[in-house]
Every structure is written in C-alpha cells, then in structure tokens.
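Step one of this worksheet: look at the structure below.
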Amino acid sequence: GAAVAAAVGPPRPLILVPGLMGSILQKHTFATDRTQQIFPLLVEQTSHIPDLYCACRMYEDDSGSLTDEDDDHLCHPPAPEEYEVVVPMDNYGLYAIDLLMPNELLESNRKPYFHDMIAMLEEEHGYVPGETLFGFPYDWRQPTSHVAELLQDRVDEVLQATGAEQVDIVSHSLGCLVTQA
C-alpha cells in the first residue's frame, strides 16, 4: 500500500480520461453568472433537456444552421452569447468524473464512475490529487479531434505543474479514441 509507494517514491502523474457521457456538464448563463448541472440531469433540471438534446443530436449543415440528420428538424439553441456549456475542473478535474450525480441525497443515486478507481489509487498506490492524480473531464459532444487537442493541453499543464517528464493515462471507451487521435 502506501508504505510501498513511499519506499519507491511517488508514482508518475496519472490522468484519468472518461468515456462517452462520463463527465458532468454544466450550463453557465452569462446574464445571471449562474452555473447549473445539465448532465446528468437531476429531476428538478428537466427544463434543460432541450439545451442538451439540441447540442447532442444536431449537426451543422453548409449554411451554418444546426439540423438533426434523423428527421431534418431544425434546432435553434439559445445564442452562444447567452450561455456556455462547461466542465467543472474542481479537485484537479476529478470531481466531474468521480460521481456523476454528486449532489444526490441517496448514495445509491450518485452514479459512481471513476469513484472506486480514484479511491483505490489514493489508498493503495499513493496517488495524491493535484500532485500525481488528475482528471480530464471533457464535453463529450465535441469532435474527438478537438477533445484530443484539449487533452494535449491538459498533459502539458500536468507536466508543468508536477515537473515530471511524462504522464500515464488511463482512459475508458471514447476516452481511448481521444488519446489516440
């Protein structure tokens, strides 16, 4: 456990990369400076379904409009200057991938994602959030090539923050494609 980790020195920095729908997404409204979780949806937040649906299912056509390829339904989301979708980076990026419903009162509804792995890495292998353990939550609705660029930026941030020469990456599902892009 921790005694072994201390004897061999701290582990190389590790970045956890989630898969499709594996990061909390939040809507930050500029006018009110208010941020609300929009994915996963809480029962009281069902009014955000159109925002998330529009952004998930729509594809830009040649005119710059967003269109649903399945039924040619046009989607007109709120203007980009009204809000942005953000991914919380609390706890060195681990918050948004640990429990997908962290504010649920019932523990059984909290949707653990990387929760058990984070606990195991800390308790049994000596990883420390912000020193050797980092998350890379991302907006999984974005193109893989764009997210891959953001991951490279995250790797560079971690290398600079830790002084390490390289990092290890553990990815899941779509996160594997992101790391290979």
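Heads up: the sequence shown runs through residues 29 to 209, numbered per the working numbering.
Here a beta-carbon is modelled for each residue, glycine too, at the ideal position from N, C-alpha and C.
Fair warning: this is a prediction, and the values are worked out from it, not measured in the lab.
Rounded distance between the beta-carbons of residue j and residue i, thought under 8 Å
i	j	result
VAL206	LEU187	With 8 Å as the limit, VAL206 and LEU187 do not qualify as a contact, their Cβ atoms being about 18 Å apart.
Cut-off 8 Å between Cβ atoms - residues of its own chain near residue i, not counting five sequence neighbours on either side
i	result
ARG138	LEU127, LEU128, MET129, PRO130, GLU132
GLU150	VAL156, PRO157, LEU161
GLY37	none
GLU185	none
CB of residue i within 7 Å of CB of residue j, strictly
i	j	result
VAL175	PRO41	no
PRO116	GLN54	yes
LEU48	SER201	yes
ILE43	PHE164	yes
GLY203	PRO46	yes
ASP67	GLY121	Looking at the sequence shown, residue 67 is not Asp but Phe. No; because the gap between Cβ atoms is not below 7 Å, this pair is not in contact.
Chain C within 7 Å of residue i, Cβ atoms only
i	result
ALA59	Looking for chain C here will not work: only one protein chain is present.
Neighbourhood of residue i by C-beta, 6 Å cutoff - its chain only, sequence neighbours within 5 removed
i	result
THR63	GLN54, HIS56
TYR123	PRO116
heavy atom of the ligand GDP below 6 Å from residue i C-beta
i	result
GLN194	Looking at this structure, you won't find the ligand GDP or any other ligand, since it has none at all.
Own chain partners of residue i with C-beta closer than 7 Å, once the 5 adjacent residues on each side are dropped
i	result
ALA192	ARG40, PRO41
Proximity winner among the options, relative to residue i (alpha-carbon distances)
i	options	result
TYR166	GLY154, ALA189, ASP181	ASP181
VAL183	GLN170, VAL198, PRO171	VAL198
ASP144	TRP168, ILE125, GLU159	ILE125
ALA189	ASN119, GLU159, GLY154, GLU152	GLU159
Any contact of the stretch 109 to 117 with the stretch 55 to 65, i.e. 3+ C-beta pairs under 8 Å?
yes
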